[in-house]
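Novice: First the structure, which I've put down as structure tokens, then a few questions once you've had a look.
Protein chains: 2
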Amino acid sequence: MRADFKSLGGLVVVLVAAVTTAARAADDPLPSWNDVASRKAVLGFVARVTEEKSSDFVPVPDRVAVFDNDGTLWCEQPMYVQAVFIRDRIRAMAPDHPEWKRLQPFKALLEGDRAALADVGQEGLVDVVTATHAGMTSDEFAGLVRDWIARAEHPRFKRLYTRCVYQPMLELLAYLRANGFKTFIVSGGGVEFMRVWAEPVYGLPPSQVVGSTVRTRYELRGETPVLMRLPEVDFIDDHAGKPVGIGKFIGQRPIAAFGNSDGDYEMLRYVTSGSGPRFGLVVHHTDADREYAYDRDSTVGRLARALDEAPARGWTVVDMKRDWRVVFPPEK
Amino acid sequence: MRADFKSLGGLVVVLVAAVTTAARAADDPLPSWNDVASRKAVLGFVARVTEEKSSDFVPVPDRVAVFDNDGTLWCEQPMYVQAVFIRDRIRAMAPDHPEWKRLQPFKALLEGDRAALADVGQEGLVDVVTATHAGMTSDEFAGLVRDWIARAEHPRFKRLYTRCVYQPMLELLAYLRANGFKTFIVSGGGVEFMRVWAEPVYGLPPSQVVGSTVRTRYELRGETPVLMRLPEVDFIDDHAGKPVGIGKFIGQRPIAAFGNSDGDYEMLRYVTSGSGPRFGLVVHHTDADREYAYDRDSTVGRLARALDEAPARGWTVVDMKRDWRVVFPPEK
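Chains as they are written, first to last, in our numbering: chain Y, 850 to 1181; chain Z, 850 to 1181.
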């Protein structure tokens, strides 16, 4: 009997847990978030701006939310995904460029010399971007990205980079859209790198992806008009460039911003300083087991100022380890 | 009896006409278009790309249509509306700039010297744009435009410029959107000039307005972040700049383009040269009575090459006088 009771008790626990999970899944727009302060802050903000009788009500056309990409929507460690793409392009192109064996930062990329890579400045970065991202049409570049992203895998998680996106953030994107928000990526990454896969991965059409750009030129190839990518940076959409990119591409001040590093600091300030209800959120990477733990000492996605000022500025901080029930989507 | 028959016949004609008009209005998405080739071409294209069983079917995410603004969606004669805005700004600012009385093109603008204005080159244009469009925040500039556009009237039609839009084109925008199209303006005009009123007038949110830009800089005013407009042109979205602007802001090749001048030629070619079903349309201003009649000899909205090549390239040409039942929306 006791044994039976115990079994029965165990079964009840399992059943109750299953029912609770199912009940929560049915009406919970954020099932991958634990029931903590960050989740409550998101739900509270959306409730306030969508409730017509609320003094904080925001009409649908003004419900614009911006998301950083690297480290906010998908994993940026141990290396920005676009940097991996560039490295792979450099390796593929190396046989035609013997001089790269002696020329930095090409040498470091070819040899996988991370210490040397950490010293690459803006100028070196521009060199590799122009070497790998220019001299072809926009359509050709999109084709290269499409082929690469379809097979490139994360070195630690052994899954496609497009599956190293954060399940809780996918739920957040969907939840905001279901509540009349128009969602945009505002990233330091290249727009033409992201636009290729932003629609299937995040549900974002190309025009809702804002990022860094290279110059292009309209040309005729025979009788066919093409956009030729020039070896010239047009716009860097990072740090103070993010509010500039928002003004240029989106044309209105969003009411919510989501980031994870000091590269998002100016965007967070710009968005949350407008009048009316505002929401700022910082994803803090605290989970070395399920993902990575890093902040002020990281070269990738350094987070210090935005973390320090978050409380005073009313920004919500997500503690990834504590707040997220799962990190990545289940593998199919 | 004969007289009665005649009256009765007349009444029947009137009644039949009234019934026909009512019936057509009820199910006709383009009631302001006469039943001519251009209207049929539009309807046929939309039917083909939206019919799932059609070999020309286009999925919703690829249904992107771009519209020039000046001369395509609203009247650009006798002067581009933004040029009138600039002239009025110059006049308002003139007391603080006595040197403008001797300096071209300011002198010509202040004196309304249209002959001298016609000679203003790109450089002179940049001078007046930077003098009137920079040195303030984006929000302050939007406020100036908002105040001006709320009261500025067309000199001939004596109605607000925002009511000098083409009713048939408003119907076309709505019809395309009802069929899953995402519609964009791609104009040589300044984005921050158009974005202020594009939503109420055309139903287009700011992010769906592509145009020329000046550089902006993120700055703090005290503790408040602002975007400061710099006296520096960032991008000219005209002629070969239009496909470049499409690539940069929209990020995919539209399947339909609507223009009225040679400034739209490259955009029309770029859009209609993609694979799959494509649609190009040129509004030809042929109606001196109801609007204006101009093409290859006009300094504003010159149309020659796009008109000459339209038949060979399969572009539909609207003869405004013949094709449009009404030009402007009824005044309320």
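C-beta atoms are modelled at their ideal positions from N, C-alpha and C, and glycine is treated no differently.
Keep in mind that this is a model prediction, so the values were computed, not measured.
For Gly1112/Y, which option in Leu1156/Y, His982/Y, Lys1170/Y and Trp1046/Y has the closest C-alpha, if you only look at C-alpha atoms?
Specialist: Taking only the C-alpha atoms, the option nearest Gly1112/Y is Leu1156/Y.
Novice: Are the beta-carbon atoms of Val969/Y and Pro947/Y separated by less than 7 Å?
Specialist: Contact flag unset, no.
Novice: What alpha helix (DSSP H) runs, 4 residues minimum, are completely inside the stretch 893-957 of chain Y?
Specialist: Segments of the alpha helix (DSSP H) lying fully in the stretch 893-957 of chain Y: 930-942.
Novice: For Lys889/Y, decide whether its Cβ has a neighbour in chain Z, counting only Cβ atoms nearer than 7 Å.
Specialist: It does not: the Cβ of Lys889/Y has no partner Cβ on chain Z nearer than 7 Å.
Novice: Can you name the residues of chain Y whose CB is closer than 7 Å to the CB of Val1076/Z?
Specialist: It should be noted that the sequence gives Leu, not Val, for residue 1076/Z. Simply Pro1092, Val1093 and Gly1096.
Novice: How many Å lie between Lys1181/Z and Glu1048/Z at the Cα?
Specialist: Between Lys1181/Z and Glu1048/Z, the C-alpha separation is close to 19 Å.
Novice: With Gly1039/Z and Ser1056/Z assumed to form a contact (beta carbons below 8 Å), what rounded beta-carbon distance in angstroms separates them?
Specialist: Contact doesn't hold; Cβ gap of about 16 Å is too wide.
Novice: Under a CB-based cut-off of 7 Å, is Ala1089/Y close to chain Z?
Specialist: Output row for Ala1089/Y: interface = yes.
Novice: Indicate whether at least one CB of chain Z lies closer than 7 Å to the CB of Thr1065/Y.
Specialist: It does; some Cβ of chain Z falls within 7 Å.
Novice: Check whether the Cβ atoms of Val898/Z and Tyr1010/Z lie closer than 7 Å to each other.
Specialist: Not closer than 7 Å, so no.
Novice: Residues of the stretch 958-973 of chain Z with a CB closer than 9 Å to any CB of chain Y: list them in chain order, please.
Specialist: Of all residues in the stretch 958-973 of chain Z, none has a Cβ within less than 9 Å of some Cβ in chain Y.
Novice: Return no unless some Cβ of chain Z is closer than 7 Å to the Cβ of Met1169/Y.
Specialist: Met1169/Y does not count as touching chain Z.
Novice: Does the stretch 873-887 of chain Z come close enough to the stretch 907-917 of chain Y that 3 or more CB-CB pairs lie under 8 Å?
Specialist: No, they do not touch.
Novice: Does the CB of Glu805/Y have a neighbour CB from chain Z at under 7 Å?
Specialist: The structure shown does not extend to residue 805/Y, since chain Y spans only 850 to 1181, so no value can be given for it.
Novice: Buried or exposed: Pro1092/Y, going by 16 or more other Cβ atoms within 10 Å of its Cβ?
Specialist: When all chains shown are included, Pro1092/Y counts as buried.
Novice: Only counting the same chain, and skipping five residues up and downstream in sequence, which positions put a Cβ closer than 6 Å to that of Leu958/Z?
Specialist: Within the same chain, Leu958/Z has close Cβ partners Arg936 and Ile939.
Novice: In angstroms with no decimal places, state the Cα-to-Cα distance between Phe894/Z and Ile1034/Z.
Specialist: The straight-line gap from Cα to Cα measures roughly 20 Å.
Novice: Can you find a C-beta in chain Y that's less than 7 Å from the C-beta of Glu1115/Z?
Specialist: Yes, its Cβ sits closer than 7 Å to a Cβ of chain Y.
Novice: What's the gap between the Cα of Gly1123/Y and the Cα of Phe1084/Z?
Specialist: One C-alpha to the other measures close to 27 Å.
Novice: Using alpha carbons as the reference points, say which of Met1116/Z, Tyr1067/Z and Leu1022/Z lies closest to Glu1068/Y.
Specialist: Nearest of Met1116/Z, Tyr1067/Z and Leu1022/Z to Glu1068/Y, Cα basis: Met1116/Z.
Novice: Quick check: is the beta carbon of Val929/Z nearer than 7 Å to any beta carbon in chain Y?
Specialist: Looking at the sequence itself, residue 929/Z is Tyr, so the reference to Val does not match. Not one chain Y Cβ lies under 7 Å of Tyr929/Z.
Novice: Looking at chain Y, is there any beta carbon in it that lies within less than 7 Å of the beta carbon of Gln1101/Z?
Specialist: Answer yes: the Cβ-Cβ gap between Gln1101/Z and chain Y drops below 7 Å somewhere.
Novice: Quick check on the DSSP output: the alpha helix (DSSP H) that includes Ile998/Z runs from which residue to which?
Specialist: Taken as a continuous stretch (DSSP letters only), the alpha helix (DSSP H) holding Ile998/Z covers Ser987 to Ile998.
Novice: In whole angstroms, give me the CA-to-CA distance for Met850/Y and Arg1005/Y.
Specialist: In this prediction, Met850/Y has a pLDDT of 36, which is less than 50 and means its spatial position is unreliable; nothing more can be read from the coordinates.
Novice: Are the stretch 1088-1108 of chain Z and the stretch 989-1001 of chain Z in contact at 8 Å, needing three or more beta carbon pairs?
Specialist: The answer is no - the stretch 989-1001 of chain Z does not touch the stretch 1088-1108 of chain Z, with fewer than three Cβ pairs under 8 Å.
Novice: What's the gap between the Cα of Arg1070/Y and the Cα of Arg1174/Z?
Specialist: C-alpha separation (whole angstroms): 41 Å.
Novice: In terms of DSSP beta bridges, what is His1088/Z paired with?
Specialist: According to DSSP, which records beta bridges pairwise, His1088/Z is partnered with nothing at all.
Novice: By a C-beta neighbour count over all protein chains shown, 10 Å radius and 16 as the cutoff for buried, is Arg912/Y buried or exposed?
Specialist: So Arg912/Y ends up on the buried side.
Novice: Can the beta-carbon of Thr979/Y be found closer than 7 Å to that of Pro1080/Y?
Specialist: In this structure, Pro1080/Y lies closer than 7 Å to Thr979/Y by Cβ.
Novice: To the nearest angstrom, how far is the alpha carbon of Leu1019/Y from that of Leu922/Y?
Specialist: Leu1019/Y and Leu922/Y: Cα-Cα distance of roughly 8 Å.
Novice: Label Ala1105/Z either buried or exposed according to how many other C-beta atoms from any shown protein chain fall within 10 Å of its C-beta, with 16 as the threshold for buried.
Specialist: It counts as buried.
Novice: Are the CB atoms of Arg1145/Z and Ala1137/Z within a distance shorter than 7 Å?
Specialist: No. Outside cutoff.
Novice: Are the beta-carbon atoms of Val1149/Y and Glu960/Y separated by less than 7 Å?
Specialist: No, these two residues do not count as a Cβ contact at 7 Å.
Novice: Less than 8 Å between C-beta atoms, sequence neighbours within five positions excluded: which residues of the same chain meet that for Arg888/Z?
Specialist: Leu879, Trp882 and Asp1172, listed in sequence order.
Novice: What did DSSP end up calling Thr1011/Z once you bin it into helix, strand or coil?
Specialist: Three-state result, Thr1011/Z: helix.
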